[in-house]
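Some notes on the structure that comes next.
Number of protein chains: 2
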Amino acid sequence: MPAAAARAQRQAAYPAVVVRLIDELARLPGIGRRSAERLAFHLLKVPPEDALSLSSAIADARQKVRPCRVCSNLADIGPDAEHTLCAVCADARRDRATIMVVEQPRDLIALEQTGMFRGVYHVLMGRVSPLEGVGPADLTTAELLARIDDPGANLGTAVKEVVLALNPTLEGDGTALFLAAELARRGVKLTRLARGLPAGSQLEYANKAVLADAIEGRRPI
Amino acid sequence: MPAAAARAQRQAAYPAVVVRLIDELARLPGIGRRSAERLAFHLLKVPPEDALSLSSAIADARQKVRPCRVCSNLADIGPDAEHTLCAVCADARRDRATIMVVEQPRDLIALEQTGMFRGVYHVLMGRVSPLEGVGPADLTTAELLARIDDPGANLGTAVKEVVLALNPTLEGDGTALFLAAELARRGVKLTRLARGLPAGSQLEYANKAVLADAIEGRRPI
């Protein structure tokens with residue numbers, strides 16, 4: 033049954049606000065029409081304060097979170113948008129001369145949890161993906177280059193090293209290649225995260241690409 | 033890592049409103065922590081009006097939908113709570129002497145889409161499930177019995193037949209058994225939906241319970 037016909041039939045029986053809720057939920061990624069109905073009925077069944085709490089959490093997050101004006105990481109909104117700084121950029125103890133470039137805020141969190149990096153970040157908010165029509169202009173690449181070209185855009189510190197911490201995937205590698213070309217003529221030291229055998233894994237189960245990386249990147253002990 | 037520790041670590045890096053949004057989304061059924069994060073980032077990425085539209089759809093549905101005062105089906109809230117009637121109960125052409133008992137509003141919709149039933153419904157809002165601690169008192173059984181005992185509670189019409197349209201599952205059958213016992217001494221005609229081979233299926237793939245139902249319920253042609 034086509035979606036419009038299904039909607040018309042449902043509309044005949046569900047109250048309009050319920051139809052609207054199902055439609056809105058079905059727009060979320062990974063949530064099909066069936067799951068959207070199940071979630072809608074769940075929200076109609078729980079105590080009203082629970083549903084309203086989710087409702088306000090969504091509105092709050094959308095209204096009070098802004099990209100950090102330096103690195104595009106998620107940040108609580110400051111007194112005004114121009115002063116919004118994320119927790120990392122606001123921390124004066126971080127080494128602002130070293131920028132680690134990640135695809136998304138979740139990657140930043142994962143890296144932060146190691147406690148191994150004392151520099152700052154730059155969040156691209158995606159990766160170059162020709163198939164999905166995402167080009168460099170859709171990412172925060174211009175902001176990254178501005179930080180390197182002008183210390184003023186990097187809270188007053190000149191950038192010495194850029195660490196590419198993109199995913200070891202086709203798209204991540206493509207993005208790294210593009211950034212490497214842009215950064216090469218700016219005379220800044222450029223590194224990327226090491227590739228090889230994941231700690232705790234077994235060599236016999238590693239695939240060819242992992243083994244190839246491990247051989248190519250072998251180090252003296 | 034225990035949830036509290038995970039939350040503390042995340043809190044160190046995500047803005048508090050984002051943590052709250054992830055926590056709220058993770059409370060939805062079938063949404064794990066990972067999916068909740070993915071949904072939260074989706075909501076932070078879409079145009080603000082899209083996120084606010086979902087937020088208001090949730091609040092609206094919770095505030096403007098009430099159980100129908102007769103059958104407990106979902107209904108748009110009336111001028112006041114006592115006057116809330118669902119679309120089926122409000123329709124004077126329906127045969128109010130025949131009540132079909134279903135577990136949830138979704139079942140009602142599925143049955144309505146056949147266009148085969150001209151009576152009215154009663155939505156139990158669940159089924160008796162000892163394992164989940166759901167007893168008859170947690171359902172709208174009292175309201176159903178009231179409709180049968182007092183025509184005043186059934187919009188002025190005396191009930192002649194009750195059709196049990198519960199799921200053909202262990203819990204649905206248990207609920208039917210309980211209702212049958214309650215209804216037996218009320219002198220109302222009691223029926224249940226037919227069981228047998230699902231239309232369009234193949235006999236060789238039907239399981240034992242389906243075949244047993246089909247044999248037991250065989251009809252002259």
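If you read the sequences in order, they're chains A and B. Heads up: the first sequence at position 167 corresponds to 199 in this note's numbering, and the numbers run straight through without jumps. Heads up: the second sequence at position 165 corresponds to 197 in this note's numbering, and the numbers run straight through without jumps. A virtual CB, placed ideally from N, CA and C, is assigned to each residue, including glycine. Remember, it's a predicted structure, so these values are computed and weren't measured experimentally.
- For the stretch 145 to 156 of chain A, residues whose beta-carbon sits nearer than 9 Å to a beta-carbon of chain B comprise Gln145.
- Taking 8 Å as the upper bound for CB-CB distance, A:Gly64 and A:Ala58 are in contact here, some 7 Å apart.
- Distance check between A:Asn199 and each of A:Asp127, A:Gly158, A:Ser87, A:Pro168 places A:Gly158 closest, using alpha-carbon atoms only.
- For A:Asp127, there is no enclosing alpha helix (DSSP H); the enclosing beta strand (DSSP E) has its first and last residue at 127 to 134.
- Of the candidates A:Thr189, A:Ile54, A:Leu215, A:Ala197, A:Thr189 places its Cα closest to the Cα of A:Arg128.
- Cβ-Cβ separation between A:Leu143 and A:Met132: approximately 7 Å, consistent with a contact (criterion under 8 Å).
- Taking all protein chains shown into account, A:Ile54 has 16 or more neighbouring C-beta atoms within 10 Å of its C-beta and is therefore buried.
- Burial state of A:His154 is buried, judged by a 10 Å Cβ sphere holding 16 or more other Cβ atoms.
- The C-beta of A:Ala91 has 16 or more other C-beta atoms within 10 Å across all chains shown, which makes the residue buried.
- Under the Cβ criterion of 9 Å, A:Gly62 is counted among the residues facing chain B.
- Around the Cβ of B:Ile180, a 10 Å sphere holds 16 or more other Cβ atoms; the residue is buried.
- Not a single CB atom of chain A sits nearer than 9 Å to the CB of B:Ile131.
- DSSP, read as helix, strand or coil, puts A:Gly206 in helix.
- Listed by position along chain A, the residues whose Cβ is nearer than 8 Å to that of B:Arg94 are Leu75, Leu76, Pro80, Ala83, Leu84, Ser87.
- Beta-bridge partners of B:Tyr153 (DSSP): B:Met132.
- Interface residue (Cβ-Cβ distance to chain A less than 9 Å): B:Leu57 is classified as such.
- In this model, B:Arg224 and A:Ser85 are separated by some 40 Å (Cα to Cα).
- When C-beta atoms of the stretch 192 to 210 of chain B are compared with those of the stretch 159 to 172 of chain B, three or more pairs fall below 8 Å, so the two segments count as touching.
- Annotation: Cβ neighbours of B:Leu106 in chain A (cutoff 8 Å, chain order): Tyr46, Pro47, Val50, Leu76.
- Taking 9 Å as the threshold, the shortest C-beta distance from A:Ser67 to chain B falls below it.
- A:Ala119 and B:Arg52 do not touch by the CB rule: their CB atoms are close to 16 Å apart, not below 8 Å.
- Within its own chain, the residues whose Cβ lies closer than 6 Å to the Cβ of B:Ala68, once the five positions on either side in sequence are excluded, are Ile54, Leu57, Ala58, listed in chain order.
- About 30 Å separates the CB atoms of A:Val50 and B:Leu215; that is not less than 8 Å, and the two are not in contact.
- Excluding residues up to 5 positions away in sequence, His154, Val155, Leu156, Met157, Thr172, Glu175 lie with their Cβ nearer than 8 Å to the Cβ of A:Ser104 in the same chain.
- In this structure, the beta-carbon distance from B:Val152 to B:Cys121 falls below 9 Å.
- Within the same chain, Cβ atoms closer than 7 Å to the Cβ of A:Ala197 are found at Met132, Val133, Val134, Asp139, Leu143, Leu225, the five residues on either side in sequence being excluded.
- Here DSSP, grouped into helix, strand and coil, assigns A:Arg101 to coil.
- With a minimum length of 3 residues, the unbroken runs of beta strand (DSSP E) contained wholly in the stretch 209 to 241 of chain B fall at 221 to 224.
- Beta bridge pairing from DSSP links A:Ala107 with A:Arg98.
- Under DSSP, B:Leu196 forms a beta bridge with B:Val133, B:Arg224.
- Using a Cβ-Cβ cut-off of 9 Å, A:Val195 does not count as an interface residue toward chain B, since no Cβ of chain B sits closer than that to its own.
- DSSP, reduced to helix, strand and coil, places B:Val160 outside both helices and strands of the structure shown, so it counts as coil.
- Taking the beta carbon of B:Ala72 as reference, the chain A residues within 8 Å of it are Ala93, listed in sequence order.
- Of the candidates B:Leu60, B:Ala169, B:Tyr237, B:His115, the residue whose Cα lies closest to the Cα of B:Thr207 is B:Ala169.
- One thing to note: B:Leu75 has its Cβ within 9 Å of the Cβ of A:Ala93.
- A:Thr130 and A:Val191 have their C-alpha atoms roughly 6 Å apart.
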